[in-house]
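Below: the structure, in structure tokens.
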Amino acid sequence: MRRVYIENLGCSKNQVDAEVMLAQLSSGFVRTEDATEADLIIVNTCGFIESAREESISAFFELHSANPEARIILSGCMAERYGAALEEELGEASAIFGNRDLSQISGVVARVFDGERVLSTPAYGDVRNDVYERSELFNYPGSAYLKISEGCNHRCSFCAIPLIRGPLRSRPMEVILTEASALISSGVRELNLIAQDLASYGTDWEGRESRFMALLEALVGLDGDFWIRLLYIHPDTFPPTLPAFIKAHPKVLPYFDIPFQHANTAILRSMGRVGTKESYLALIASIRAQIPDAVLRSTILLGYPGESEEAFGQVIDFLKEAKLNWVGSFVYSREEGTRAYELRGAGAHKRAAAEARRRQQALERVQGPITEENLARFVGREMDVLVEELIEGEDLAIGRSWIQAPEVDGLIVIMGRNLTAGTIVRCGIRRVNGLDLEAIVIEGGRDG
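Residue numbers (the numbering used here): -14 to 433.
Listed below in structure tokens is the structure:
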């Protein structure tokens, strides 16, 4: 069998696409983690912002240089958005392949190995026929992403996702439940639900009402020992009944990923959002009133057109009041085709981006101690920890608890013997170390 190397870039939704493509190729290819020995290289690109596109192109050329004899395909969001231009500019690419019909990857690869150079960005088909079969996951053992929809209808002024992935397309509920059951049966202990906005699930169907809570109720009814993590809930569509549901259903982690993006009302309105600093603080207070231990993560967008020093100050004030557990930030990228693109020219954008990077550092200086203070609340307590990776030659492992999402939050350093990746062990939290926790296994607890 031929060997395929997949370099996956960007978000967790892109990762699911990469896993699906690998499964589609499984009859003729085996995955290798060494690009230099691959017959086929797939660079699954991100096209969300300029820096992500630069990373994607850099990875493409590095991999092509490392193995110039391999066929190399540029796939993913960047390929979908700029397919024709990339075909013209990247003569080294064997194919450019979009992300709207992953079932066609096998045909594209076959044509490439027949000596053809391919541009393939097919449209979406019937959502009931979308392929999501995965034979191998790129996560650490015990964890998986479960995509419940594609695309987005929010049309935030700064965001190119609807241009790349199109309008919202919710997957049939029975298909999601079947996939979830298969993942649980294969040993997955953590289902990370992903979409551009989980709460919008089903609003593209007749009636335009969210079916997210109904989906969640069906998921918690599945057999097995697992937990569910909710990632990405738009603050303007947050289901008011969700905290009470989570409190009543321990399988759903009290972890809320809500991308507030800003706290200045004028900026939020220009972004296309209806919230305010006050309404967002009220939402946070409501969640914590119902679940005092709730963990909240958010992202902040800096450098959006019109962001003054005063507006940035409101963001800092918001973070000080909100005391969120985890906060990520990114600098506004001027994206063609979005409503915000015309709000300022290229020169002004370059100057604003430099200032935004300074503000990003200031934000991190404020949020860092808040995160550490929140982590300190868990010292002295017992927690279930999903073991991700063993440290060779040491009685140590790296893992995560319910308070930490994969890849974006801190980790837990676990002290204990005979640990197995993909299992859950009961640990006592000893101390905070920066943005991480240190813990020791409690003998006889959980899988350990």
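Here a beta-carbon is modelled for each residue, glycine too, at the ideal position from N, C-alpha and C.
The residue among Val417, Val372, Val93, Ile169 with its C-alpha nearest the C-alpha of alanine 361 is Val417. The DSSP-derived three-state label of isoleucine 276 is coil.
Proline 157 sits in coil when the DSSP states are folded into three classes, being neither helix nor strand.
In this structure the stretch 139 to 154 does not touch the stretch 193 to 200; the number of beta carbon pairs closer than 8 Å is below three. Counting along the chain, no beta strand (DSSP E) covers alanine 8; the unbroken alpha helix (DSSP H) around it starts and ends at -3 to 9. If you compare the alpha carbons of Glu377, Val372, Ala64 with that of arginine 385, the shortest gap goes to Val372. Secondary structure note for aspartate 302: its alpha helix (DSSP H) is the uninterrupted segment 294 to 307. Taking a C-beta distance under 9 Å as the contact criterion, arginine 140 and glycine 257 qualify as a contact pair. By the C-beta density criterion, glutamine 0 is buried, having at least 16 other C-beta atoms within 10 angstroms. Secondary structure remark: continuous alpha helix (DSSP H) runs of at least 4 residues inside the stretch 181 to 208, in chain order: 197 to 205. At the C-beta level, glutamate 423 and isoleucine 397 come within 9 Å of one another. Rounded to whole angstroms, phenylalanine 245 and glycine 127 show a C-alpha spacing of 30 Å. The beta carbon of aspartate 24 is closer than 8 Å to those of Arg(-13), Arg(-12), Val(-11), Phe14, Ala55, Arg56 in its chain, skipping five residues each way along the sequence. Between the C-alpha atoms of glutamate 191 and proline 220 there is a straight-line separation of about 23 Å.
In this chain, the alpha helix (DSSP H) harbouring glutamate 74 covers 68 to 74.
The beta carbon of serine 166 sits closer than 7 Å to those of Leu207, all from its chain and outside the five residues before and after it, given in chain order. When DSSP states are grouped into helix, strand and coil, threonine 408 belongs to the coil group. Contact annotation, asparagine 249 with arginine 214: C-beta distance approximately 30 Å; criterion of less than 8 Å not satisfied. The beta carbon of alanine 406 lies closer than 8 Å to those of Tyr125, Pro126, Gly127, Val372, Glu373, Glu374, Leu375, Ala382 in the same chain, with the five residues before and after it left out. Between the alpha carbons of glutamine 389 and isoleucine 269 lies a gap of roughly 18 Å. Under DSSP, glycine 384 takes part in a beta bridge, and its partners are Val372, Ile397. DSSP places arginine 174 outside any alpha helix (DSSP H), giving it a letter other than H or E.
Judged by DSSP secondary structure, serine 36 falls within the alpha helix (DSSP H) whose first and last residues are 35 to 51.
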